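These notes are about the structure you will find just below.
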Amino acid sequence: MSFRQARWNEPLVFEMGFEGRVGTLLPEVDEEVKGAVGEPSKLVPERMLRREPPNIPELSEVEVLRHFVHLSQMNYGVNSGRMYPLGSCTMKYNPIVNELLVRDERLAWAHPYQDPDTVQGILEILYTLKTWLAEITGMDDVSLQPSAGAHGEFLGVLIIRAYHKLRGELELRREMIVPDSAHGTNPASAVMGGFKVVTVPSDGRGCVDMEALEAALSERTAGLMLTNPNTLGLFEDRILEIADMVHDVGALLYYDGANLNAILGKCRPGDMGFDVVHLNIHKTFSTPHGGGGPGAGPIAVKRELSKFLPAPTVEFDGEKYYLNYDRPHAVGRVRGFLGNVVPLVKAFAYILSMGPEGLREVAEVAVLNSNYLMNKLRRVRGFSLPYGEGRWRKHEFVLSSKTLRKETGVGAGDVAKALIDRGFHPPTMYFPPIVEEALMVEPTETEPLEELDRFADAMAEVSRQAYENPGAVRRCPRNASVSRVDEVRASHPKTMCLSWRMYKSRLGAT
Amino acid sequence: MVHPYIPNSVPDIKRRMMAELGIKSVEDLYSDIPEEIRLKRRLNIPGPLSEMEVKRTVSEKLGKNVRLRAIPFLGAGVWPHYVPAVVEEVVSRLEFLTAYTPYQPEVSQGLCQALFEYQSLICELTGMDIANCSLYDWASALGEAARMAARLTHRRVVVAPKIVHPERLETLRTYVEPAGMSVVQVGYDRETGLMDLSELEEKVSGETAAVYVENPTYLGFIETQVDEISDIAHRSGALLIVGVDPISLGILRPPGDYGADIVVGEGQPLGNHPNYGGPLLGIFACRGDTRFVRQMPGRIIGMTVDSEGRRAFCMALQTREQHIRRERATSNVCTNEALCAVAAAVYLSLLGPKGLRRLCEVILSLSHYAMKRLSELEGVEAPLFRSAHFKEFTVGFRDARVDEVNKALVERGFHGGKPISREFPELGEAALYCVTEVHSKRDIDGLVEALREVLEA
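Line order of the protein sequences matches chains F and W.
With the numbering used here as the guide, the letters of the first sequence map in order to residues 22 to 531.
With the numbering used here as the guide, the letters of the second sequence map in order to residues 270 to 726.
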C-alpha cells in the first residue's frame, strides 16, 4: 500500500484573485425600500465610516471552492484516511447519517431566543439527551452548556468552588489535586477556577500513588481531578478507596470523561463515587472533531450539586419543555446561549443508533482492539510498555520508544512521522509526560482487525528501518504534503509569522 | 451484537483476537474493575435503531417546532445570515470535518493554512496584527480577554458599559471572579444610548485593567465616541477591549483604527447558521507586540517552512498552552471552534471587500425600512434611541405587553424581537429586533401587517 497526500503548493488566499471579481451575489434592494431609506452609507455617521476597505482578496466562486477543496485534500480525517490512533482523543468513525440530520432547516435557522413553545422539538431532543447522559454516567443532573471538554472542566471546577463557598470553606480549600498523568487541561482548568494545583505521582502499577495522595489530602483540599481509566489506559482499581479518602476530608471528586469510551455500559463514574463528570461529546459520542472543534463538553453532577448548574437548564414539566432561568444557587454561565446544539443533536442520534447493547459493545471492542494491538506492539524491538506490568489496558496504551531512541537515535516523533508515510495518522506523542518517548495509542472500536494488523506491521517495519537505516526514518515524512515542518521557527520571536499582515511587514523589513 | 460502526463486533473475530491474548472472555480485560461498581444491568436507554429509524425519529422531533412564515427577527448575538453553498460544501469535506486538532502539521497543512487565512482575514477586518484560530464564542472570548488584560496590566478591574448583553456580562463575571477581578459598569445617555463619558472618566482609575466597549452595541446602535473612550482608557494605562459583530466591519471603522488593544466578537454570522445558539465562533485578535503574543489564549497557527524550505504552517507558541505549560498556561482551552473558523474564511473569501460592504448596505437598507414601517404603527416606537443603527434596533410598545405581542405574532407566523423589558426596565415594554439580508421586503411587510393586527385586536 502506498500513501501520497496531495501537494498543491496552494497559494494563500491573499495571493489570489483579481480586482473586481465577486464570489457571491447579494439580493438587490427593492426600489420601494431604497426610496424609503435613501443612500445606505448615509445612515452611518461620518466619523464611524470605514475609510479603507479591508484588505480581503477579490475572488470568483470557482477559485474559492477549488482553493479550499485543495486545502482539504492536504488534510487527514478519520473518515477519509485510515486508522487515527491519537491517544485520549478517541478518533472513532463519525457516522455520516448524523451529518445529514443536522442540515435540517428546522434546526439550522432556529434561534436560541425563540419562544420555547416554538422549538419544542429541539428542546425535547436536548432534554432527552440530558437524561441519557445522566444514565450513562450514573449521575443525577446534566448541564449541556460547555462547548468543549476543557470548558466543561472549567465549569466543573466552578461548581466545586460554589459548593465549598456555600459551606463557608472556600477560603480554606484552595488546593486541587491532580495526578502527574492527568491531561494538561486539568491543572489549567483548576487554576482558571482560582485553585492552586497539587500534583500527586503515579505508582509502579500506573495508578495514583495512594501514600502520596493520603499525604496530599487535607482540610485545604477542594477536590481531586481524576481520569479513569487514566491516560496510561489503566483502570484506577482502588477508586472506591480514593473516593472515600477524598470525601473524608470534605473534598469532591472530579471525573475527566476523556476516556469514558472504555467503560460505556460496563461501569459508571457515578457508581465509583465521582461528584462531577465532564463528557467529550466529540470523543465518546462520535461527533466529528472538525479539526479542532466544534465539540461539546456537558457536565453531569450528583443530586446535591444540581442546584449549582448554570442557567438556563432544559426542563420538562410533564407537558412542555422549557428553559429554567430561575436558579438562585447557580454558578455563572461560561458562554452565551444554550450550548453547542449541533454536536449534541448528533450525539442524540448516535446513542439511538447504538442502544444499550451497542454502547457496551463499543467499550468492549475498543478495549479488545487496544489490548490486541498492545500485545503485538510491546514485542516490537525498541519499544516497551512502562507501568502496570502484566495488567490489561483499557481503550488505550502508552508505549515508550526510549530503547529505540537510545539504540538508534530514532525518537517517538520520528516514529510518528514514519507512520505518516505509511498512511496512518500517528499516535499522540510525548504524552503523558511521565513516560519517556511516549506514544499513546488508542485504536477505538471502529477499526477492523485487518487495519490493526497493518498498523502493527507498519510499526515493526519502522523499527526495522530504525535499526538498519535510522537516517531514513529521521527524514520522514516524504509522502505528506510537506516534509518535516520547522515548528521552532514558527514560534521564534525573530521568525514568527502569525498573519498575512505580519508576513507583509516582514517582507518589507528584509 | 454485530454493528455497522464496529467491524470487530463479529463473534468469530472477537474469538480470534481473544485467543491471541489467551483470554476466554472480554470480561477478563475488565477483571481489575471492582465487583461493587460493575453495572449488572443494561443501560436504560432506547435503541439500537436502524439508520432509517434514527432519521425518522430526529425528523419527527424537529417536526414539533413551529413552522414560521419568515426567519425570526431575532439577533442579540446570534444572527441569521445566508450561508453560501460553497461554505457548506467545504465544511462538509471529510478531511476537514473528521480531523483532530493539527498536532501533526505534515498531514494537516490544509487545515493549518485555512486557519492561518482565517486569522489573517480577521486581522484585516478588525485592523489588528494577530488573531488566534478561535475561542468558543464572543462571551467566553471576552472573559479570556479580560483575564489577559489583567495579566498584562497587573490590575483587576474591568469597566464595561451598562448596555451590554446580559449573558456576555454574566460570562465575563464568571471568568474574572476566580482571578480576583471585578467588573464595574458605566451608564448611558437616555436620549442616544451612548456611553456616559463623564461617568467613564470617574470609574476609570489606576486599578482599571481594561475598558470594554461594543460596536454596534447590544441594542443595535453605533457607539460613535470610540476615540474618546479609547483616550480615557489609555490615559489611565488601561487596555481597550472592543467587541464586534464582524459583518458590520464591512462599513464601520475597524477597532484597530481607534486604538483597540484586544478585539473580541461573534464570528457565527460569517458562514454559520444560528443552529439554536451553537456552535458559535469566538473571535480573538490583538496587537502584535511580543508581550501581547505571549499572553494570548488559545491556538494560533504560524507560517514556517518544511525541511526543504517550502512554505508550511503549524501551531505556534504552544508553550503558552495547557498541554505543555499545564497549570502555568495562559488558558485551559484545547478544543475550540476550528471548523466554524474555516467556514468564516471561506465566507469572507467569497464576499470580498466589496461584497461585505454591499451586504452591510443591504442590511442597513432593510433594517431602516423595517424601523420606518414599524414606527408608522400606532403606539410603536422604533428605535428608542436617537442614534445610528446597524441591523438591530429597539422597538417600544406604548400600550401593549411585549410578551403578549410576541405570542400573538407567532400565531400569525412571525417571530418578534427579543423582549428586553426585564433587562432594561427603564425602556418600558420593548424588544430587540434584528433584520438582515435573509429578511425580504415581503417578510418585513408581513411582520408589520401582523403587528398591526395584533395591536389593533
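Don't be surprised by glycine CBs; every beta carbon is placed ideally from N, CA and C.
On a predicted model such as this, the values are computed, not experimentally measured, just so you know.
Chain W contact for residue i (CB, 7 Å cutoff)
i: residue 132 of chain F; result: yes
i: residue 145 of chain F; result: yes
i: residue 302 of chain F; result: no
i: residue 171 of chain F; result: yes
i: residue 287 of chain F; result: yes
i: residue 382 of chain F; result: yes
i: residue 486 of chain F; result: no
i: residue 324 of chain F; result: no
i: residue 257 of chain F; result: no
i: residue 310 of chain F; result: yes
i: residue 125 of chain F; result: yes
i: residue 158 of chain F; result: no
Residue j beta carbon less than 7 Å from that of residue i
i: residue 655 of chain W; j: residue 422 of chain W; result: no
i: residue 163 of chain F; j: residue 154 of chain F; result: yes
i: residue 708 of chain W; j: residue 337 of chain W; result: no
i: residue 400 of chain W; j: residue 554 of chain W; result: yes
i: residue 381 of chain F; j: residue 291 of chain F; result: no
i: residue 633 of chain W; j: residue 61 of chain F; result: yes
i: residue 281 of chain F; j: residue 316 of chain W; result: no
i: residue 173 of chain F; j: residue 310 of chain F; result: no
i: residue 343 of chain W; j: residue 408 of chain F; result: no
i: residue 95 of chain F; j: residue 571 of chain W; result: no
i: residue 367 of chain W; j: residue 357 of chain F; result: no
i: residue 686 of chain W; j: residue 700 of chain W; result: yes
i: residue 405 of chain W; j: residue 614 of chain W; result: no
i: residue 229 of chain F; j: residue 200 of chain F; result: yes
i: residue 653 of chain W; j: residue 663 of chain W; result: yes
i: residue 533 of chain W; j: residue 411 of chain W; result: yes
i: residue 432 of chain F; j: residue 458 of chain F; result: yes
Per-residue contacts from residue i into chain W (C-beta, under 7 Å)
i: residue 175 of chain F; result: 601
i: residue 280 of chain F; result: Those do not exist, as residue 280 of chain F stays about 13 Å from chain W at its closest Cβ, beyond 7 Å.
i: residue 356 of chain F; result: 405, 406, 408, 409 and 440
i: residue 447 of chain F; result: 373
Neighbour flag for residue i against chain F, beta carbons, 7 Å
i: residue 291 of chain W; result: no
i: residue 555 of chain W; result: no
i: residue 664 of chain W; result: no
i: residue 521 of chain W; result: yes
i: residue 365 of chain W; result: yes
i: residue 280 of chain W; result: no
i: residue 335 of chain W; result: yes
i: residue 529 of chain W; result: no
i: residue 714 of chain W; result: no
Partner residues on chain F for residue i, Cβ-Cβ distance less than 8 Å
i: residue 359 of chain W; result: 86, 89, 90 and 93
Buried versus exposed, by CB contacts within 10 Å (16 or more), residue i
i: residue 11 of chain F; result: Because chain F here runs from 22 to 531, residue 11 of chain F falls outside it and cannot be looked at.
i: residue 3 of chain F; result: No answer is possible for residue 3 of chain F: it lies beyond the span of chain F, which begins at 22 and ends at 531.
i: residue 424 of chain W; result: buried
i: residue 451 of chain W; result: exposed
i: residue 354 of chain F; result: buried
i: residue 278 of chain W; result: buried
i: residue 187 of chain F; result: exposed
i: residue 189 of chain F; result: exposed
i: residue 588 of chain W; result: exposed
Beta-carbon neighbours of residue i, restricted to chain F and to distances below 7 Å
i: residue 579 of chain W; result: 503
i: residue 383 of chain W; result: 89 and 92
Expected contact under 8 Å - CB spacing of residue i and residue j to nearest Å
i: residue 586 of chain W; j: residue 562 of chain W; result: 7 Å
i: residue 247 of chain F; j: residue 270 of chain F; result: Between residue 270 of chain F and residue 247 of chain F the Cβ distance is about 15 Å, and since that is not below 8 Å, they are no contact.
i: residue 16 of chain F; j: residue 608 of chain W; result: This structure leaves residue 16 of chain F out entirely; chain F is present only between 22 and 531.
i: residue 64 of chain F; j: residue 657 of chain W; result: 6 Å
i: residue 482 of chain W; j: residue 507 of chain W; result: Between residue 507 of chain W and residue 482 of chain W the Cβ distance is about 12 Å, and since that is not below 8 Å, they are no contact.
i: residue 181 of chain F; j: residue 273 of chain F; result: 5 Å
i: residue 80 of chain F; j: residue 41 of chain F; result: With a Cβ gap of about 11 Å, residue 80 of chain F and residue 41 of chain F do not count as contacting.
i: residue 375 of chain W; j: residue 198 of chain F; result: That belief does not hold up - the Cβ atoms of residue 375 of chain W and residue 198 of chain F are roughly 38 Å apart, past 8 Å.
i: residue 279 of chain F; j: residue 109 of chain F; result: 5 Å
Proximal chain F residues relative to residue i, where beta-carbon distance stays under 9 Å
i: residue 543 of chain W; result: 129, 130, 131, 132 and 133
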